[in-house]
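Encoded as structure tokens, the structure appears first; notes follow it.
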Amino acid sequence: MIGVSNFLQQDIESLLETANVKPMVNQVLCHISNTPLSLIDYCQSRGIAVEAYSPIAHGEALKIAKIDEMAKKYGVTVPQLCIRYDIQLGTIVIPKTANPEHIIQKRASQHIGSSNCVVTDYRHS
1 MIGVSNFLQQ
11 DIESLLETAN
21 VKPMVNQVLC
31 HISNTPLSLI
41 DYCQSRGIAV
51 EAYSPIAHGE
61 ALKIAKIDEM
71 AKKYGVTVPQ
81 LCIRYDIQLG
91 TIVIPKTANP
101 EHIIQKRASQ
111 HIGSSNCVVT
121 DYRHS
């Protein structure tokens, strides 16, 4: 098994033409204000999981009023909303933190509605 990081569609196509092993995962920058939807669709259609790194945009999502408003609408924190957004895209999300309290808070993102409400709301606001 292999995994790749920051591979674009053309990188994956080149790899698939020459490699004997298909990558199992492509780790890419993916967050609520930078979503490579076509790359996610491409990978998923070929059975390649997408791991979203920096789901909170290196902390920048905390400063975006639109995201803060949505978090308040759902009664969650901005990090929880951002994590849920990536989960609803079908990506693997492994948020980084050294604070045990943040780990518990981020885990609660699983409890924001099961529909694609966050993705839909963000795209249409």
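If you count the sequence shown from 1, position 66 lands on 66 in the UniProt record's numbering, and the numbers rise without skipping.
Glycine residues also receive a C-beta, built at the ideal position from the N, C-alpha and C atoms.
Ends of the alpha helix (DSSP H) at residue i?
i	result
Ala65	Ala65 to Tyr74
Pro95	That residue, Pro95, is in no alpha helix (DSSP H); it is neither H nor E in DSSP.
Pro79	Val78 to Gln88
Leu39	Leu37 to Ser45
Please list, in chain order, all residues of the same chain as residue i whose beta carbon is under 7 Å from its beta carbon, the five residues on each side excluded.
i	result
Thr91	Cys30, Ile40, Val50, Glu51 and Ala52
Asn116	In this predicted model, Asn116 has a pLDDT of only 48, less than 50, meaning its place in the structure is not dependable enough to derive any value.
Note the first and the last residue of the continuous beta strand (DSSP E) segment covering residue i.
i	result
Ser54	Per DSSP, Ser54 belongs to no beta strand (DSSP E) and is neither H nor E.
Ile2	Ile2 to Ser5
Which residues in the same chain have their Cβ closer than 6 Å to the Cβ of residue i, if we skip the five residues on either side of it in sequence?
i	result
Phe7	Asn26
Val4	Pro23 and Asn26
Ser125	Confidence at Ser125 is low in this model, with a pLDDT of 47, below 50, so the placement of that residue is unreliable and no value is reported for it.
Could you please give me the residues that DSSP links to residue i through a beta bridge?
i	result
Val28	Ala52
Asn20	DSSP lists no partner for Asn20.
Is it true that the CB of residue j sits closer than 8 Å to the CB of residue i?
i	j	result
Leu65	Ser33	Here residue 65 is Ala; the residue named in the question, Leu, does not match the sequence. Their beta carbons are not under 8 Å apart, which means Ala65 does not touch Ser33 by this criterion.
Pro55	Val93	yes
Leu81	Met70	yes
Considering only residues of the same chain and omitting the five flanking positions on each side of residue i, which have a CB-CB separation below 8 Å?
i	result
Ile12	Val4, Pro23, Asn26, Tyr42, Cys43, Arg46 and Ile48
Val21	Met1 and Ile2
How close, in whole Å, do the beta carbons of residue i and residue j come, if the pair is a contact with beta carbons under 8 Å?
i	j	result
Asp68	Val78	6 Å
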